[in-house]
Structure formats: C-alpha cells, structure tokens
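Student:
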Amino acid sequence: MSAAHSLKTGISKVSLTVNDLDRVSGFYQEAVGLHLLHNDASTAELGVDGKTLLELRRDTTARRRSPREAGLFHTAFLLPSRADLGRWIKHAMKTRPPVVGASDHGVSEALYLSDPEGNGVEIYSDRPVLSWQWKDGLVHMPSDPLDIDAVVATSGGEDSKGFPEGAMVGHVHLQVGTIPAAEPFYSNVLGFAVTSRYPGGTFYGADGYHHHLATNIWNSRGAGARSYPSTGLANIEIVASEDFRASVSTKSTEAKITTAEQSRGLTFNDPWGTEISIFAPAPQNIQE
C-alpha cells in the first residue's frame, strides 16, 4: 500500500458535470476501471469497495468547458501497488483506452488519459516513501519516460478488469490563472504545504505526502473566474481532521472568503470559482 492510504488528510471524492452521462460513465468503468455503485437519470457514482471516488452529474445544457479555462487538469487515481499498475496496463493493452502520456515522476509512475468530454485522468502507483528525494522541504518529481515493460513485469502475469481494493483518489491537479494567486490560497488558506515547484506549476501536500493538490498555468495562463453552468470539475471533497477543518474555517474568514458551513464540514471556492469541500471523518461508534 502507498503511504497515502495511512494519512489523515486526502482527497475523498471528485465530482464532474458532464453532458453525456452514459458515455462518460461507461468510459470510467471500461477504460479506467471504476465500479458503478449507483446511477439514476441525473447522476452516477463510481468507486471501489462501496466507496464513491467519482460522482458524475448530468447537465445536458451546460456549455462545454474550454481547455484554456481554469478548472480540472486531471483527477489522479492511486493504485495500491506497482503490480496493480502493471495489471492495469496489461488490461489497457487489450481495451486500448485513449492513453495520452506516461511518465516516471521519481515518487510515482503514471499513465495519463482524457475522458470523452476532455477531463484529464491519471492512473498511478507510488514508489516507496524512503526512495523519495527531498531537499530544502521540496520533493524531486521529474517527468522522465516510463519503463512500461518494467512495470508490466511486476504484474505476475495477470491483468485487471477493474480497480483493486484500496484504490483511491491520490491527488487532483488544477488549472489556474496565475501561480502568485494560487499559492496563498492553497498553501496559506487551505493549509497544504508547498512540496514542489516547477515553471508554471506548484504542488501541495499534507502529512508528508508528495502532493494532494497541484496548480498550473500551462494551458490556462491569465484565465479568469469560471463561468457556470459548464462541464468539468464541479467539486473536490477533502477529508481531514476536525482541527484542520477548523483552521481552514478561521483562515477563510480572515481572508474574507465566503464559506458555507455544514455538519462536520465547509464548502467554498478557490479564486477561480472551483468549489472545494472539507469534511472531518464521521465519529466512530464504539461498542463496549
């Protein structure tokens, strides 16, 4: 299992607005490997082990989001092991999903896809934490070519027909208009530490993870606030401790950011109108 599985803070669910619910839902089941947990005329919930990782919300009238706008760069699904990634690749060799890239990031190995409505998808597995290279508080994350044969060799001769138990949303990568406006929000208000910087991009993590969130301007330099209704990212749901949630609530108030308080959580928008929710875990009922 990756270190991300034992952390107190993480991405619990991503919600997307889509025009064609059936087509996009089918893609995430067949090409990505999520399991359909619930669907009706307006929504589909997909995930693993009965836990929703991705919610699709149907809106046939929403305009199609431009790739130059702020919003989603990709949703990254983390598999429990390198062998699981190898099995996913073997299955992908049969189903031929639209893979648009593959990289060795040092801390992880990843493949990239694009769904039928242009939402980016990453499938990855982490390398052992002790192999991550940190210097001055920042982690080294190159974009080297992925040795696909080496990853497939770990699969044990099997392929995967769906995500395995323990798969999760590892991180979400966002498009923003400017990095100088993004860093104060995601680091100071939201409370994630800056873990890496590259030209046009900043990465943020909690609890020592290489990153839970990232922001870049590679396609969206100078983008303004998002205009709704549109397809694309509707909400990022973060699970964190009650202390973390309370800290974000206080910092949001100090920064004059409007928030909506809910039971165990709060919801607010980033500077480009992307909606983010933070929830504390539900209390456990202890049986005596």
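For any residue, its number in this note's numbering is found by taking its place in the sequence shown, counting from 1, and adding 313. From the three backbone atoms N, C-alpha and C, an ideal C-beta is built for every residue, glycine too. Given the structure is predicted, the values throughout are model-derived calculations rather than measurements.
Looking only at C-alpha atoms, which of Lys326, Ala593, Phe386, Pro380 sits nearest to Leu359?
Tutor: Comparing Cα positions, the closest option is Lys326.
Student: Among residues of its own chain, excluding the 5 on either side of Pro594, which ones have a beta-carbon nearer than 7 Å to its beta-carbon?
Tutor: Only Val552 meet the Cβ criterion.
Student: Beta carbon of His525, beta carbon of Gly514: below 7 Å?
Tutor: Cβ distance not < 7 Å, so His525 and Gly514 don't count as in contact.
Student: How about the stretch 484-496 and the stretch 444-451: do they share at least three Cβ pairs that are nearer than 8 Å?
Tutor: Touching, no, given that fewer than three Cβ pairs across the two stretches are closer than 8 Å.
Student: Assuming Met481 and His351 form a contact by the criterion Cβ under 8 Å, report the distance between their Cβ atoms to the nearest whole angstrom.
Tutor: Actually they are not in contact, since the Cβ atoms of Met481 and His351 sit about 18 Å apart, beyond 8 Å.
Student: How long is the line joining the alpha carbons of Pro411 and Thr563, rounded to whole angstroms?
Tutor: Cα-Cα distance, rounded: 43 Å.
Student: Kindly confirm or deny that the stretch 459-479 and the stretch 580-591 touch, where touching means at least three C-beta pairs closer than 8 Å.
Tutor: No: fewer than three Cβ pairs fall under 8 Å.
Student: Identify the continuous alpha helix (DSSP H) that holds Leu398 and give its terminal residues.
Tutor: Per DSSP, Leu398 belongs to the alpha helix (DSSP H) from 395-408.
Student: Give me the Cβ distance between Ala344 and Thr388, rounded to the nearest whole Å; I'm assuming they're in contact under 8 Å.
Tutor: With a Cβ gap of about 13 Å, Ala344 and Thr388 do not count as contacting.
Student: Leaving aside the five residues before and after Gly363 along the sequence, list all residues of the same chain whose C-beta is less than 8 Å from its C-beta, in chain order.
Tutor: If we look at Gly363 and ignore the five residues flanking it on each side, its Cβ neighbours are Leu350.
Student: Per DSSP, what kind of secondary structure is Thr388 in: helix, strand or coil?
Tutor: Thr388 falls in the strand class under three-state DSSP.
Student: So is His418 buried or exposed if we call it buried at 16+ other beta carbons inside 10 Å?
Tutor: By the 10 Å Cβ count, His418 comes out buried.
Student: With a cut-off of 8 Å, do at least 3 Cβ pairs link the stretch 322-339 to the stretch 538-555?
Tutor: Yes: the two stretches touch, three or more of their Cβ pairs being nearer than 8 Å.
Student: Among the residues of its own chain, which have a CB less than 6 Å from the CB of Ser416, if the five just before and after it don't count?
Tutor: Ala423, Ser456, Leu459, listed in sequence order.
Student: Identify, in the order they occur along the chain, each residue of the same chain with its Cβ nearer than 8 Å to the Cβ of Ala396, setting aside the five sequence neighbours on each side.
Tutor: Same-chain partners within the cutoff: Thr467, Ser468, Gly469.
Student: Determine the burial state of Pro393: buried for a count of at least 16 other Cβ atoms within 10 Å of its Cβ, exposed for fewer.
Tutor: Pro393 is buried by the Cβ-count criterion.
Student: Does Gln342 get closer than 7 Å to chain C when you measure Cβ to Cβ?
Tutor: Checking the listed chains, one finds no chain C in this structure; it contains a single protein chain.
Student: Can you tell me which of the three DSSP states His318 falls into?
Tutor: His318 falls in the helix class under three-state DSSP.
Student: Between which two residues does the beta strand (DSSP E) holding Ala357 run?
Tutor: Run containing Ala357: 356-361, per the beta strand (DSSP E) assignment.
Student: So for Arg336, helix, strand or coil by DSSP?
Tutor: Helix at Arg336.
Student: Within 10 angstroms of its Cβ, does Thr373 collect 16 or more other Cβ (buried), or is it exposed?
Tutor: Burial call: exposed.
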